[in-house]
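To start, the structure under review is shown below, and the notes come after it.
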Amino acid sequence: ADWTSQHSYLRAAHNVSSLAASSFLALNVVAMLLGSALALARVRVGVAAMLLAGVLVTQAAAFAQFRDIPQMLRAAAIAGGLLILAADGDGVAPHSSCNGTPAAEADGDGRHGRVVLSRLPPLLADAGGSDRQQWRRAATAAGVRLFGRVLLVGMVGRVALSVGGTAVAAAGLSGCAAVAIGFRARVAGAALLAGLAVANFALHGGWWFLERDHPNFDYVRYDFFQTLSVLGGLLLFVARGPGRFSLDESFKKKQF
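Here this note's numbering is used: the first residue of the sequence shown is 4, the next is one more, and so on.
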């Protein structure tokens, strides 16, 4: 919806002044622009993710999206993408390991190049301070990626159930499960990315053909761009992989 309709809704639904409604909307716009700019510039990525997540939560609360299951699943998927973004920006390679097994270490340009051995003594208490800190950062980042990818596929599963037949639903849910557990995760993520992109353009892509005063114009446009945000999260997941807490990574460790 445009500024005027959002402003009117906030005043009517929450009984606030015009200044309060305008301030709320303005702060959200500033947070979205600043968070997006930081994320694109790869500067303070954690701060960027928090800013965008804050907008997501405040918008959901202000516009009563918590009562709408599809909207909640979409918001959760966007939050999952933001968690992956935050973990990706912490300086820890997605597949870094401190358990004594080989791990692919990220090069300066983000590619996973040379294989190194990262060792941690059997007892964490015996490790040096830097080793303990590295292990905690890697474990935290891996946990964030795991939670993020689980949230990310929730909306995709719902779309698979709602827009297709049995075969489409089965394929979509299988892909979601593969991403969630990290089994052939990049292939599954790429398949979900392609399927969701097609579904988004098929279901919502016609918003630009609607008249501006059409009753569904704002809703269809909103759904289209929200789904684009989910696609961005899937794209980041495919580029960076599932991380340490995944079946793919476990299989790699067994090979060594």
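Heads up, the beta-carbon is just placed ideally off N, CA and C, and yes, glycines get one too.
Measure the beta-carbon distance from A183 to R152 and round it to whole angstroms, keeping in mind my assumption that it falls under 8 Å.
The residue given as residue 183 occupies position 180 in the sequence shown. The residue given as residue 152 occupies position 149 in the sequence shown. Between R152 and A183 the Cβ distance is about 6 Å, and since that is below 8 Å, they are a contact.
My output table needs one value for F228: the three-state DSSP class, helix, strand or coil.
Counted from its first residue, the sequence shown places residue 228 at position 225. Taken through DSSP and simplified to helix, strand or coil, F228 comes out as helix.
Inspect the CB distances between the segment 157-175 and the segment 63-82 and report whether three or more fall short of 8 Å.
Taking 8 Å as the limit for Cβ pairs, the verdict is that the segment 63-82 does touch the segment 157-175.
Contact between the segment 240-257 and the segment 140-152 is defined here as three or more beta-carbon pairs at a separation below 8 Å; is this criterion met?
The answer is yes - the segment 140-152 touches the segment 240-257, with three or more Cβ pairs under 8 Å.
Measuring straight from C-alpha to C-alpha, what distance separates R215 and R224?
Sequence index remark: in the sequence shown, residue 215 carries index 212 (1-based). Sequence index remark: in the sequence shown, residue 224 carries index 221 (1-based). In this structure, the CA atom of R215 is about 11 Å from the CA atom of R224.
Whole-angstrom C-beta distance between A180 and A172, which should lie under 8 Å:
Here residue 172 refers to the residue found at position 169 when the sequence shown is read from its first residue. Here residue 180 refers to the residue found at position 177 when the sequence shown is read from its first residue. Incorrect: roughly 12 Å between the Cβ atoms, too far for contact.
Would you decide whether F204 is buried or exposed? Buried here means 16 or more other CB atoms lie within 10 Å of its CB.
Within the sequence shown, residue 204 is the residue found at index 201, counting from 1. With fewer than 16 Cβ atoms within 10 Å of its Cβ, F204 is classed as exposed.
Taking C-beta to C-beta, are A65 and L13 nearer than 9 Å?
Indexing the sequence shown from 1 puts residue 65 at position 62. Indexing the sequence shown from 1 puts residue 13 at position 10. Yes, the Cβ-Cβ distance between A65 and L13 is below 9 Å.
Can you tell me the Cα-Cα spacing of V32 and S253, whole angstroms?
On the sequence shown, residue 32 is found 29 positions in, with the first residue counted as 1. On the sequence shown, residue 253 is found 250 positions in, with the first residue counted as 1. Near 42 Å, if we compare the C-alpha coordinates of S253 and V32.
May I have the straight-line CA-CA distance separating I72 from L43, to the nearest angstrom?
Looking up residue 72 in the sequence shown gives position 69. Looking up residue 43 in the sequence shown gives position 40. If you draw a straight line from the Cα of I72 to the Cα of L43, it comes to about 30 Å.
Using CA coordinates, which residue listed in G208, D251, L85 is at the minimum distance from C186?
Here residue 186 refers to the residue found at position 183 when the sequence shown is read from its first residue. Position check: residue 186 holds Phe in this sequence, whereas Cys was assumed. Of the listed residues, the one whose Cα sits closest to F186 is D251.
Assigned secondary structure, N203 (DSSP; H/G/I helix, E/B strand, else coil)
The residue labelled residue 203 in the question sits at position 200 within the sequence shown. In this structure, N203 counts as helix in the three-state DSSP scheme.
Where D251 sits in the DSSP three-state scheme
Locating residue 251 in the sequence shown gives position 248, counting from the first residue. Of the three classes helix, strand and coil, the one that applies to D251 here is helix, per DSSP.
Pick helix, strand or coil for H10, following the three-state DSSP scheme.
Residue mapping note: residue 10 aligns to position 7 of the sequence shown, counting from 1. Looking at H10 - three-state DSSP - the assignment turns out to be helix.
Is G168 closer than 9 Å to G178 when the C-beta atoms are compared?
Locating residue 178 in the sequence shown gives position 175, counting from the first residue. Locating residue 168 in the sequence shown gives position 165, counting from the first residue. Not closer than 9 Å, so no.
Can you look up R140 in the DSSP assignment and give me helix, strand or coil?
Mapped onto the sequence shown, residue 140 falls at position 137. Note: R140 maps to helix in three-state DSSP.
Every unbroken alpha helix (DSSP H) inside the segment 47-76 [4 residues or more]:
You should have 48-65.
Tell me whether A15 sits in a helix, a strand or coil according to DSSP, three-state version.
Your numbering for residue 15 matches position 12 in the sequence shown. It is helical.
Where does R187 sit, in a helix, a strand or coil, going by DSSP?
Counting from 1 along the sequence shown, the entry for residue 187 is found at position 184. Correct three-state label for R187: coil.
Out of T143, V233, G38, which has the shortest C-alpha to C-alpha gap to L154?
In the sequence shown, residue 154 corresponds to position 151, counting from 1. Scanning T143, V233, G38 for the CA closest to the CA of L154 turns up V233.
Could you name the residues of the same chain whose beta carbon sits closer than 7 Å to that of H207, not counting the 5 residues immediately before and after it, in chain order?
Stepping through the sequence shown from its first residue, residue 207 is reached at position 204. These residues qualify, in order along the chain: V223, D226, F227, T230.
Candidates L54, A16, F248, T61, of which the one nearest A40 by Cα
Counting from 1 along the sequence shown, the entry for residue 40 is found at position 37. Each of L54, A16, F248, T61 was checked against the Cα of A40, and the nearest Cα belongs to L54.
Within 10 angstroms of its Cβ, does F212 collect 16 or more other Cβ (buried), or is it exposed?
One-based indexing of the sequence shown puts residue 212 at position 209. Exposed, since its Cβ has fewer than 16 Cβ neighbours within 10 Å.
Which same chain residues end up closer than 6 Å to G38 when comparing Cβ atoms and leaving out the 5 residues on each side of it in sequence?
As a working note, residue 38 is residue 35 in the sequence shown. A51, L54, L55.
Give the secondary structure of D91 by DSSP, where H, G and I count as helix, E and B as strand, and everything else as coil.
Along the sequence shown, read from residue 1 onward, the residue named residue 91 stands at position 88. D91: helix per DSSP, three-state reduction.
My assumption, with CB atoms under 8 Å, is that A34 sits in contact with V58. Please give the rounded CB distance.
By 1-based counting over the sequence shown, the position of residue 34 is 31. By 1-based counting over the sequence shown, the position of residue 58 is 55. Indeed they touch by this definition, with Cβ atoms about 5 Å apart.
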